[in-house]
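Numbering (the working numbering), first residue to last: 7 to 131. In this text, a Cβ means the ideal position worked out from N, Cα and C, and glycines have one as well.
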Amino acid sequence: MAKPLARIAGDLLDEHGTTYAQQASIDLADRPAPLFQLLVLANLLAARIGADIAVAAARELWDAGLTTPAHMRASTHCQRVAAPATAATTRALPPAWAACPSSCSRTTAVTCAGCAQRGTRSPRP
């Protein structure tokens, strides 16, 4: 007889420890902010970077205050790139990840010249 899904999930957690959401400090709940954070984490985990880098990048985004769609939308391109890049300063990070212009500060408090020329938000397709 097949195991119930709850039992399978419990067995996996017992064997492997924590979930990526727990590692990224996401307090899962049926509310917009945690669900958005889980979506962002899923996108980072799907990137061609290691899971540990993706989780660290997500935590840096939360630490930078980018925890909701409104905060993310109000941020500049450089702010969105600088936070995850900070997470990987001691890890191997693909060059394409740091797409922000070289004049961009690695802190989220300062925007780069490229962002200032484009306005407060990066262009949308």
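Could you give the distance in angstroms between the alpha-carbon of residue i and the alpha-carbon of residue j?
{"i": "LEU67", "j": "ALA8", "result": "40 Å"}
{"i": "THR73", "j": "THR24", "result": "21 Å"}
{"i": "ILE32", "j": "ALA62", "result": "12 Å"}
{"i": "HIS22", "j": "ALA57", "result": "14 Å"}
{"i": "ALA12", "j": "LEU18", "result": "10 Å"}
{"i": "ASP20", "j": "GLN28", "result": "14 Å"}
{"i": "ASP69", "j": "PRO90", "result": "10 Å"}
{"i": "ILE55", "j": "ASN49", "result": "11 Å"}
{"i": "ALA80", "j": "GLY71", "result": "11 Å"}
{"i": "PRO101", "j": "ALA53", "result": "Caution applies to PRO101, whose pLDDT of 49 falls short of 50 and renders its modelled position unreliable; the value that the coordinates give is listed next. Cα to Cα, the separation comes out at about 13 Å."}
{"i": "GLY16", "j": "PHE42", "result": "24 Å"}
{"i": "HIS77", "j": "PRO10", "result": "39 Å"}
Around the C-beta of residue i, are 16 or more other C-beta atoms found within 10 angstroms, so that it is buried, or is it exposed?
{"i": "ILE14", "result": "exposed"}
{"i": "GLN85", "result": "buried"}
{"i": "HIS83", "result": "buried"}
Would you call the CB atoms of residue i and residue j closer than 9 Å?
{"i": "TYR26", "j": "LEU51", "result": "yes"}
{"i": "ALA35", "j": "LEU47", "result": "no"}
{"i": "ALA64", "j": "ALA30", "result": "yes"}
{"i": "PRO38", "j": "PRO75", "result": "yes"}
For the alpha helix (DSSP H) that residue i lies in, which residues bound it at each end?
{"i": "ALA35", "result": "Note, ALA35: premise wrong, no alpha helix (DSSP H); not H, not E."}
{"i": "ILE11", "result": "Checking the displayed sequence, the identity of residue 11 turns out to be Leu instead of Ile. Its alpha helix (DSSP H) spans residues 11–22."}
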